[in-house]
Amino acid sequence: MNKLKLGIPKGSLEQATIDLFEKSGWQIRTHSRNYFPTIDDPEISCALVRAQEMPRYVQDGTLDVGLTGKDWLLENNADVEVICDLVYSKSSNKPARWVVAVGGDSSIAKLSDLEGKKISTELVRYTQSYFEERGIHVEVEFSWGATEAKVVQGLVDAIVEITETESTIRAHGLKIIHEMMQTNTQLVAGRKAWADPWKKQKIEQIATLLQSALRAERMVGLKMNVPKEKLGDLVKILPSITAPTISTLYQSDWFSVETVISEEAVRELVPMLIRQGAEGIIEYSLNKLI
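So the sequence shown is numbered by this note's numbering: it starts at 40 and just counts up by one.
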């Protein structure tokens with residue numbers, strides 16, 4: 040039997056990734072002290088791999104496909120096939136940012152002020168290249184963790200760190216002076232796997248369903264009954280992806296109207312629909328939007 044080797048990012052994105060696969064139709068189960076989760080698809084085998092190392096294992100063929108950040112692809116200068124962007128995380132569905140931060144009382148206000156200074160980060164290669172391209176000479180050292188504390192302790196002059204909400208940076212009394220890049224999760228495949236027709240089809244299946252699950256987030260279905268004489272005016276105010284679905288009710292001059300809209304639009308729209316004569320309004324959640 041053909042088998043696709045899938046890398047799941049271990050760490051902060053692990054549970055969010057497993058949850059996304061569940062919405063997409065796959066049940067992944069992790070096991071204590073085991074780096075090989077089970078999945079309810081006999082055509083897929085899983086391995087937990089840190090996102091930082093994922094590009095290397097996908098590139099050399101150890102894994103056929105995996106999920107990692109755009110940042111780690113750049114850091115590793117990885118030669119892989121980027122299948123699609125998947126903007127999700129454990130706390131939000133917005134891209135994370137790599138920023139340059141210094142102490143709150145530091146006189147450093149812009150990148151050029153870091154000339155000759157020491158920077159700590161996990162993103163060493165990219166950071167070094169970023170400053171070199173701008174003609175700023177800095178010393179970049181690898182951080183094994185607790186990066187924010189290094190500025191507080193006076194071990195370094197600045198840090199380059201990833202943030203979603205800036206809460207950890209602010210909690211340490213630091214200030215951001217520059218944003219280096221935004222990053223999000225990407226589904227990537229090895230060149231050899233992508234050239235294999237069966238694996239390519241399986242990877243495309245995974246990409247389609249993951250994207251459809253993300254697309255369905257914050258979207259809902261709305262269904263209602265509308266009298267014939269009110270239908271035209273109601274459809275004019277009803278948002279939809281293409282056009283609402285309209286069907287006649289059995290032996291009646293009423294119509295059933297159904298559409299898909301953003302969740303936040305419901306609170307404003309429902310009172311308007313009622314005023315236009317809609318009855319029996321039903322809101323329901325979506326798993327996928329393809």
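Cβ atoms here follow ideal geometry from the backbone N, Cα and C, with glycine treated the same way.
Among the options, the one whose alpha carbon lies nearest that of residue i
i: Trp137; options: Arg95, Ile208, Glu172, Leu312; result: Ile208
i: Trp183; options: Thr160, Val191, Val190; result: Thr160
i: Leu308; options: Pro266, Thr281, Val259, Tyr289; result: Val259
i: Gly108; options: Ala188, Gln98, Leu125, Tyr96; result: Leu125
i: Glu203; options: Pro134, Gln66, Arg173; result: Pro134
i: Asp118; options: Ser324, Val97, Trp293, Ser251; result: Val97
i: His217; options: Glu82, Leu150, Val274; result: Leu150
i: Gly100; options: Arg72, Tyr127, Leu43; result: Leu43
i: Leu253; options: Ala317, Val274, Asn326, Glu297; result: Asn326
i: Gln315; options: Pro48, Ser324, Lys267; result: Lys267
i: Tyr289; options: Val141, Ser279, Ile313, Asn264; result: Asn264
i: Ile139; options: Asn116, Tyr165, Val121; result: The question names Ile, but residue 139 in the sequence shown is Val. Nearest of Asn116, Tyr165, Val121 to Val139, Cα basis: Tyr165.
i: Glu114; options: Lys269, Met220, Asp103; result: Met220
i: Asp103; options: Thr69, Pro236, His70; result: Pro236
i: Leu243; options: Glu120, Leu270, Ser71; result: The displayed chain sequence assigns Glu, not Leu, to residue 243. Per the Cα distances, Glu120.
i: Glu61; options: Phe181, Gly174, Ser251, Glu180; result: Ser251
Alpha carbon of residue i to alpha carbon of residue j, nearest angstrom
i: Gln167; j: Pro94; result: 19 Å
i: Ala246; j: Ala234; result: 16 Å
i: Arg230; j: Lys238; result: 11 Å
i: Leu226; j: Cys123; result: 6 Å
i: Asp34; j: Asp152; result: Outside the displayed range of the chain (40 to 329) lies residue 34, so it cannot be described from this structure.
i: Ala228; j: Glu154; result: 39 Å
i: Glu302; j: Ile276; result: 16 Å
i: Val163; j: Val190; result: 17 Å
i: Leu213; j: Gly50; result: 25 Å
i: Lys241; j: Ile57; result: 18 Å
i: Asp110; j: Thr222; result: 6 Å
i: Leu87; j: His176; result: 37 Å
i: Val296; j: Arg257; result: 20 Å
i: Ser279; j: Ser324; result: 15 Å
i: Ala317; j: Ala282; result: 17 Å
i: Asp292; j: Gly319; result: 15 Å
i: Gln91; j: Ile47; result: 12 Å
i: Asn116; j: Gln192; result: 32 Å
i: Val141; j: Ser206; result: 15 Å
i: Tyr74; j: Glu82; result: 18 Å
i: Phe294; j: Trp65; result: 37 Å
i: Arg89; j: Ile215; result: 27 Å
i: Leu112; j: Gln54; result: 21 Å
i: Thr69; j: Ile78; result: 9 Å
i: Ile285; j: Ser71; result: 51 Å
i: Ile201; j: Pro76; result: 27 Å
i: Ala185; j: Cys85; result: 30 Å
Exposure label - residue i; buried when at least 16 CB within 10 Å
i: Met40; result: exposed
i: Met311; result: exposed
i: Ile67; result: buried
i: Ser63; result: buried
i: Ala232; result: buried
i: Phe170; result: buried
i: Ala210; result: exposed
i: Trp187; result: The sequence shown places Glu at residue 187, rather than the Trp named in the question. Looking at its Cβ environment, which holds 16 or more other Cβ atoms inside 10 Å, Glu187 is buried.
i: Ile127; result: According to the sequence displayed, residue 127 carries Tyr and not Ile. Classification for Tyr127: buried.
i: Ala255; result: buried
Distance between beta carbons of residue j and residue i, contact taken as under 8 Å
i: Val299; j: Leu328; result: 7 Å
i: Gly105; j: Leu45; result: 7 Å
i: Thr224; j: Leu52; result: 7 Å
i: Lys157; j: Glu172; result: At roughly 19 Å, the Cβ-Cβ gap does not stay under 8 Å, so Lys157 and Glu172 are not in contact.
i: Ile321; j: Lys262; result: 5 Å
CB contact below 7 Å: residue i versus chain D
i: Gly46; result: No chain D appears in the structure shown, which is made up of a single protein chain.
Exercise. Touch check for the region 185-202 and the region 140-150: three-plus C-beta pairs under 8 Å?
Worked result: yes
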